[in-house]
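Novice:
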Amino acid sequence: MRILLTGAAGFIGTATWRELVTDGHEVIAVDLLIPEAHAAATRADPPPGVHVLDVREAGAWGDLFQGVDVVVHLAAMVGAGVTAADLPLYAGHNDLGTAAVLAAMHAEGVDRFVQASSMVVYGEGRYTCPDHGPQSPGPRTPEDLDGGAFDDPCPVCGGPLDWALVDEDAPLDPRSSYAASKVAQEHYAAAWSRQAPGAAVSLRYHNVYGPGMPRDTPYSGVAAMFRSSLERGEPPTVYEDGRQMRDFVHVDDVARANLAAARAAVAADLGTHRAYNVASGHPIAIADVARAVAHGSGRDVEPTVTGQYRIGDVRHIVASPARAAAEIGFTAQVTPDEGLAAFATAPLRA
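Here this note's numbering is used: the first residue of the sequence shown is 407, the next is one more, and so on.
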């Protein structure tokens with residue numbers, strides 16, 4: 407396959423590029439190298455083979471699309487949204503950027519598309535009440551969070567809820583600016599697949615970590631932030647009570663998922679869009695993530711649990727990896743216990 411890979415110089419893009427080339431595919435690599443994810447030195451001296459281009463101007467890329475079988479679109483502004491001032495960045499890089507790439511693909515006759523989405527599209531995860539069955543709690547209020555009431559109560563009886571795995575048919579309910587932009591990307595992909603027509607796959611990554619993550623930035627992942635704290639000689643800082651559940655998936659597994667999705671998109675019928683969760687299948691509490699990274703660094707320190715919160719965060723979100731295994735043959739190979747300990751000494755990007 408001839409593959410156009412956007413976001414190729416990011417840590418997910420680098421791993422994906424390596425996986426695609428190792429599998430024998432030709433890769434055309436594109437990245438804007440935005441300052442939130444790349445140091446000034448990298449922007450001044452881009453990695454060899456990377457076209458430094460803006461996805462929002464993909465209509466001017468004509469020659470790059472020649473002979474391309476599938477576009478794997480990883481380019482995006484990431485993070486939870488540090489402030490409301492970030493809204494234009496998400497709307498521009500993610501929403502407009504994706505729409506521009508899809509329009510350019512249609513103009514150039516490329517009709518297969520893989521999009522990096524995120525589990526944040528679900529908002530809160532799936533919950534059940536022992537007495538009232540499945541429930542959909544609303545957004546948590548500042549008043550409850552200020553009082554340390556982090557768990558979602560049952561909307562019927564006010565009792566405790568149990569978390570459960572979320573599948574791809576769950577309603578989308580974004581709770582942050584970043585999440586809203588990822589939902590928009592999926593909707594553009596779905597609309598394009600019908601109108602072009604084309605075949606599109608959206609991959610809902612869980613918390614991705616691994617070698618090459620940006621160092622010490624709020625736009626990086628929480629595992630990298632824990633590691634940066636340890637390298638400063640400080641214990642990792644954990645929000646809320648540390649018992650919120652997530653799934654952490656290694657970047658090498660994400661690269662394998664991207665390859666599987668590219669093959670699936672090329673084989674799919676035109677006029678189709680399919681979403682898949684990309685997860686390790688091994689849920690873990692955030693405080694235990696901090697402990698695993700600390701252990702791997704040789705410092706078995708306890709995290710500092712602050713009780714602080716971010717209003718856009720959700721309590722628990724753990725998705726089912728079953729559809730990806732059944733339909734595109736992807737199953738993660740690295741468990742969080744293994745991967746997080748190794749990540750503690752893996753190279754990061756400045």
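Glycine residues also receive a C-beta, built at the ideal position from the N, C-alpha and C atoms. All values derive from a computational prediction rather than experimental measurement.
Once the 5 residues before and after A681 are set aside, which same chain residues still bring their CB inside 8 Å of it?
Specialist: Walking along the sequence shown from the start, residue 681 turns up at place 275. Only residues of its own chain outside the window of five on either side were considered, and among them S523, E574, E592, V607, S608, L609 and R610 have a CB closer than 8 Å to the CB of A681, listed in chain order.
Novice: Check whether the Cβ atoms of V644 and V720 lie closer than 7 Å to each other.
Specialist: Numbered from 1 along the sequence shown, position 238 holds the residue referred to as residue 644. Numbered from 1 along the sequence shown, position 314 holds the residue referred to as residue 720. No.
Novice: So what does F654 bridge to, in DSSP terms?
Specialist: Within the sequence shown, residue 654 is the residue found at index 248, counting from 1. In the DSSP assignment, the residues bridged to F654 are N613.
Novice: Got a sec? Which residues, its chain only, sit under 7 Å from E708 by beta carbon, not counting five neighbours each side?
Specialist: Counting from 1 along the sequence shown, the entry for residue 708 is found at position 302. Closer than 7 Å at the Cβ level, and outside the excluded window around E708, lie P641.
Novice: Between which two residues does the alpha helix (DSSP H) containing I418 stretch?
Specialist: Within the sequence shown, the letter at position 12 stands for residue 418. Note, I418: alpha helix (DSSP H), F417 to T428.
Novice: Given this structure, state the Cα-to-Cα distance separating H701 from I690, to the nearest angstrom.
Specialist: Looking up residue 701 in the sequence shown gives position 295. Looking up residue 690 in the sequence shown gives position 284. Roughly 15 Å between the two C-alpha positions.
Novice: Whose CA, out of I418, R581, V740 and A421, lies closest to the CA of G687?
Specialist: Residue numbering aside, residue 687 sits at position 281 when the sequence shown is read from its first letter. Comparing Cα-Cα distances from G687 to each of I418, R581, V740 and A421, the minimum goes to V740.
Novice: Are the CB atoms of L508 and Y594 nearer to each other than 7 Å?
Specialist: As a first step, residue 508 must be located in the sequence shown, where it is residue number 102. As a first step, residue 594 must be located in the sequence shown, where it is residue number 188. The criterion of a C-beta distance shorter than 7 Å is satisfied by L508 and Y594.
Novice: Using 10 angstroms around the beta-carbon of R638, count the other beta-carbons present and answer buried if the total reaches 16, otherwise exposed.
Specialist: Translated into positions along the sequence shown, residue 638 becomes position 232. Using a 10 angstroms sphere on the CB of R638, the tally of other CB atoms stays under 16, which defines it as exposed.
Novice: Hey, how far is the Cα of G473 from the Cα of A482?
Specialist: Against the sequence shown, residue 473 aligns to sequence position 67. Against the sequence shown, residue 482 aligns to sequence position 76. If you take the alpha carbons of G473 and A482, they lie about 24 Å apart.
Novice: So what does DSSP say about W598, is it helix, strand or coil?
Specialist: For this step, residue 598 is matched to residue 192 along the sequence shown. Correct three-state label for W598: helix.
Novice: Which residues does DSSP pair with A725 in a beta bridge?
Specialist: Your numbering for residue 725 matches position 319 in the sequence shown. Paired residue(s): V572.
Novice: Which residues in the same chain have their Cβ closer than 6 Å to the Cβ of L495, if we skip the five residues on either side of it in sequence?
Specialist: Along the sequence shown, one-based indexing puts residue 495 at 89. Cβ within range, chain order: M483.
Novice: How far does the beta strand (DSSP E) with D437 in it reach, from first residue to last?
Specialist: Reading the sequence shown from its first residue, position 31 is the one you call residue 437. First-last of the beta strand (DSSP E) with D437: E432 to D437.
Novice: From D675 to R518, what does the alpha carbon distance come to, in whole angstroms?
Specialist: Sequence index remark: in the sequence shown, residue 675 carries index 269 (1-based). Sequence index remark: in the sequence shown, residue 518 carries index 112 (1-based). Cα to Cα, the separation comes out at about 10 Å.
Novice: Note the first and the last residue of the continuous beta strand (DSSP E) segment covering F556.
Specialist: Looking up residue 556 in the sequence shown gives position 150. Premise fails: F556 is in no beta strand (DSSP E) and is neither H nor E.
Novice: With 16 as the cutoff for other CB atoms within 10 Å, does D492 come out buried or exposed?
Specialist: For the purposes of this step, residue 492 is identified with residue 86 of the sequence shown, where counting begins at 1. With 16 or more Cβ atoms within 10 Å of its Cβ, D492 is classed as buried.
Novice: Tell whether a beta-carbon distance below 7 Å holds between R581 and G529.
Specialist: Position 175 of the sequence shown, counted from the first residue, corresponds to residue 581. Position 123 of the sequence shown, counted from the first residue, corresponds to residue 529. Taking 7 Å as the Cβ cut-off, R581 and G529 qualify as a contacting pair.
Novice: Under three-state DSSP, which class holds G503?
Specialist: To locate residue 503, count along the sequence shown from 1; it is residue 97. Correct three-state label for G503: helix.
Novice: From the DSSP output, which residues share a beta bridge with I690?
Specialist: The sequence position of residue 690 within the sequence shown is 284, counting from 1. Answer is R652.
Novice: Where does the unbroken beta strand (DSSP E) through R532 begin, and where does it stop?
Specialist: Counting from 1 along the sequence shown, the entry for residue 532 is found at position 126. Looking at the DSSP string, the run of the beta strand (DSSP E) that includes R532 is R532 to C535.
Novice: Which residues does DSSP pair with Q521 in a beta bridge?
Specialist: Indexing the sequence shown from 1 puts residue 521 at position 115. According to DSSP, Q521 bridges with H479 and S608.
Novice: Do V589 and L578 count as a contact pair if the criterion is CB distance below 7 Å?
Specialist: To locate residue 578, count along the sequence shown from 1; it is residue 172. To locate residue 589, count along the sequence shown from 1; it is residue 183. Closer than 7 Å, so yes.
Novice: Which of helix, strand or coil does DSSP assign to G539?
Specialist: For this step, residue 539 is matched to residue 133 along the sequence shown. Three-state result, G539: strand.
Novice: Let me make sure I understand the geometry here. Which of V655, M651, G745 and A605 has the alpha-carbon closest to that of G515?
Specialist: Within the sequence shown, the letter at position 109 stands for residue 515. Considering only alpha carbons, the answer is A605.
Novice: If we call anything under 7 Å between Cβ atoms a contact, is G616 one with R755?
Specialist: For the purposes of this step, residue 616 is identified with residue 210 of the sequence shown, where counting begins at 1. For the purposes of this step, residue 755 is identified with residue 349 of the sequence shown, where counting begins at 1. Their beta carbons are not under 7 Å apart, which means G616 does not touch R755 by this criterion.
Novice: If you run the structure through DSSP and keep just helix, strand and coil, what is R581?
Specialist: The sequence position of residue 581 within the sequence shown is 175, counting from 1. The answer is coil: DSSP assigns R581 none of H, G, I, E or B.
Novice: Roughly how many whole angstroms lie between the Cα atoms of R633 and A415?
Specialist: Stepping through the sequence shown from its first residue, residue 633 is reached at position 227. Stepping through the sequence shown from its first residue, residue 415 is reached at position 9. R633 and A415: Cα-Cα distance of roughly 21 Å.
Novice: For V657 and I418, which I take to be in contact (beta-carbon distance under 8 Å), what is that distance rounded to the nearest angstrom?
Specialist: Against the sequence shown, residue 657 aligns to sequence position 251. Against the sequence shown, residue 418 aligns to sequence position 12. With a Cβ gap of about 6 Å, V657 and I418 count as contacting.
Novice: Give the single residue among V461, M525, R649 and D537 whose Cα lies nearest to the Cα of L502.
Specialist: In the sequence shown, counting from the first residue as 1, residue 502 sits at position 96. For L502, the nearest C-alpha among the options comes from V461.
Novice: With DSSP collapsed to three states, give me the class of V720.
Specialist: Numbered from its first residue, the sequence shown carries residue 720 at position 314. Coil at V720, not helix or strand.
Novice: For A681, does the three-state DSSP call read helix, strand or coil?
Specialist: Residue mapping note: residue 681 aligns to position 275 of the sequence shown, counting from 1. Looking at A681 - three-state DSSP - the assignment turns out to be strand.
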